[in-house]
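Residue numbers (the numbering used here), protein chains in the order written: chain R, 9 to 303; chain D, 97 to 278.
Don't be surprised by glycine CBs; every beta carbon is placed ideally from N, CA and C.
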């Protein structure tokens, strides 16, 4: 019995406190706002505004601010255009005092891809040389944070097409791939849901391989001409690529840089006695010829 | 400043990689203290697919802090012209629109910034984009005219996309996300 009295006393206090809270909430004019925890971007919905009389409703979001008069006891309609940007929105209802609630707007389904392919030109047969990065956005350009599959479809100019599926995390996905052995354009298309973006890179010949030249003497001069300059995969180096010929004779050392034209590089040297001539293209050295009657 | 000293002492316990990461934080804190910027602590450990250079980390932390300072100023003053310094693309468009509508409705927002714990989560191989997750401690007060109509004081999480410009990193996308997202 001794313990009952304090308990009763506590209960009485609790009831009094509840009654006081109830009165205080009644003074607030409008009841608490009930909003969904999350809403998909561009999705209309309504917020019940309980109570009676007139009030002012505010919606403050990442790119949009609404202020309008509402009648309590009816629902406040939130239009699809009010919630396009992803992020937190504050709904506030003020009559004699204000109540508020926050909700998050999340991205809708994928509708846009922002796709980067790097570099724009790449040598053939180079491991891990092509980088593709795709950002996945919805129709309102919110980053789609739910995992979305992005299929990277690779179509070389020659050879079979292939694809590399990847799952976007936090709205972004990336991959690296090797360049193929043949020069020419390579199209990479990123596909997600019903949206796709294509980019093209150019695969170019790699360094020269097996560089060789021949010498054609005529009097006191010699014409040097390379064989068709190709990389190790057999791709012709593009015209304009510089080939260097270096001659050492009695007058000293002289170097001539000449561009490849129609697949070969050609140069003419005047000779002053025995000479040693070498050829190089980039970091690749070719054969040497010694001129004084023997090659 | 005391927290900076504590942070520097704590660095001794970490590997050189963490030391580098924490250096960004120290520099950002020093800069913040010097210029009344919000505190930004950038953690770039485990960043993929490309690691971050020290200078890049420092620059990003500084410009992200500047972005928050400018955004807070713009949302409170109703002037969107200051946003071009640190924002671009969709982030800038959204803020400009919001500030325009704030001005039309008489609403303005005050942000009391208590700092940002930022983790870099993606840095593209060509260096053209970096994604950050920001755990921000903010007090957001919403006013209609001079009347305070709402205050929010909970930790907030932002997903940020920054891209480099000629001399700085710009905030290109800034979205508040649910803590459950990650």
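Contact residues of the segment 83 to 98 of chain R toward chain D are 93, 94, 95, 96, 98 (C-beta to C-beta distance below 7 Å). Going by beta carbons, residue 234 of chain D and residue 217 of chain D fall outside the 8 Å limit.
For a Cβ distance threshold of 7 Å, residue set 153 of chain R lies close to residue 277 of chain D, ordered along the chain. Take residue 165 of chain R, set aside five residues on each side of it, and the residues of its chain with a beta-carbon closer than 6 Å to its own are 192, 193, in chain order. DSSP, read as helix, strand or coil, puts residue 139 of chain D in strand. Of all alpha-carbon atoms in R/221, R/300, R/90, R/261, the one lying nearest the alpha-carbon of residue 227 of chain R is that of R/300.
With fewer than 16 other Cβ atoms from the protein chains shown falling within 10 Å of its own Cβ, residue 177 of chain D counts as exposed. For residue 172 of chain D, there are no C-beta contacts with chain R under 7 Å, since the nearest C-beta of that chain is about 13 Å from it. The segment 127 to 137 of chain R makes no contact with the segment 148 to 164 of chain R: fewer than 3 CB pairs, one atom from each, lie closer than 8 Å. Residue 187 of chain R has its alpha-carbon roughly 20 Å from the corresponding atom of residue 223 of chain D. Spanning the alpha carbons of residue 66 of chain R and residue 100 of chain R requires a straight line of approximately 5 Å.
As the crow flies, the alpha-carbon of residue 282 of chain R is around 55 Å from that of residue 149 of chain D. Approximately 19 Å separates the beta-carbon atoms of residue 84 of chain R and residue 49 of chain R; this is outside 8 Å, ruling out the contact. Using a 10 angstroms sphere on the CB of residue 224 of chain R, the tally of other CB atoms stays under 16, which defines it as exposed. Closest by C-alpha distance to residue 93 of chain R, out of R/82, R/114, R/106, R/108, is R/114.
Chain order gives the chain R residues near residue 273 of chain D as 153, where near means a beta carbon separation below 7 Å. Under a criterion of Cβ atoms nearer than 8 Å, the residues of chain D adjacent to residue 100 of chain R are, in order, 238, 245, 246.
Under the criterion of beta carbons closer than 8 Å, residue 116 of chain R and residue 147 of chain R qualify as touching, at roughly 6 Å. According to DSSP, residue 227 of chain D shares a beta bridge with D/218, D/257. By the criterion of a C-beta distance shorter than 6 Å, residue 143 of chain D is surrounded in its chain by 216, 219, once the five residues flanking it on both sides are discounted. Setting aside the 5 residues that flank it on each side, residue 239 of chain R is surrounded in the same chain by 132, 213, 214, 215, 216, 217, 245, each with a C-beta closer than 7 Å to its C-beta; the list follows chain order. Between the segment 49 to 64 of chain R and the segment 117 to 125 of chain R there are fewer than three C-beta pairs closer than 8 Å, too few to call the two in contact. Taking 3 residues as the minimum length, the beta strand (DSSP E) runs contained wholly in the segment 54 to 132 of chain R are 62 to 68, 73 to 79, 83 to 86, 95 to 102, 106 to 114, 120 to 126, 129 to 131, in order along the chain. Residue 199 of chain D sits in a helix when the DSSP states are folded into three classes. In the three-state reduction of the DSSP assignment, residue 186 of chain D falls in the helix class, which pools H, G and I. Distance from the Cα of residue 78 of chain R is smallest, within the candidate group R/86, R/220, R/222, for R/86.
Counting only Cβ-Cβ distances below 9 Å, residue 256 of chain R has no contacts in chain D at all, with the closest Cβ about 44 Å away. Contact of residue 117 of chain R with chain D is not assigned, every C-beta pair being separated by 8 Å or more. In this structure, residue 247 of chain R places its C-beta atom within 8 Å of the C-beta atom of residue 268 of chain R. Think of a sphere of 9 Å around the beta carbon of residue 222 of chain D: the chain R residues whose beta carbon falls inside it are 124, 126, 127, 139, 141, in chain order. Residue 96 of chain R is classed as buried because its beta carbon has at least 16 other beta carbons within 10 Å across all chains shown. At least one CB atom of chain D sits nearer than 8 Å to the CB of residue 180 of chain R. Between residue 134 of chain D and residue 204 of chain D, the gap from beta carbon to beta carbon reaches 8 Å or more. One finds 71, 72 in chain R with Cβ atoms closer than 8 Å to the Cβ of residue 193 of chain D, taken in chain order. By the criterion of at least three beta-carbon pairs nearer than 8 Å, the segment 242 to 250 of chain D is not in contact with the segment 176 to 191 of chain D.
In terms of CA proximity to residue 136 of chain D, D/159 leads the group D/159, D/242, D/274.
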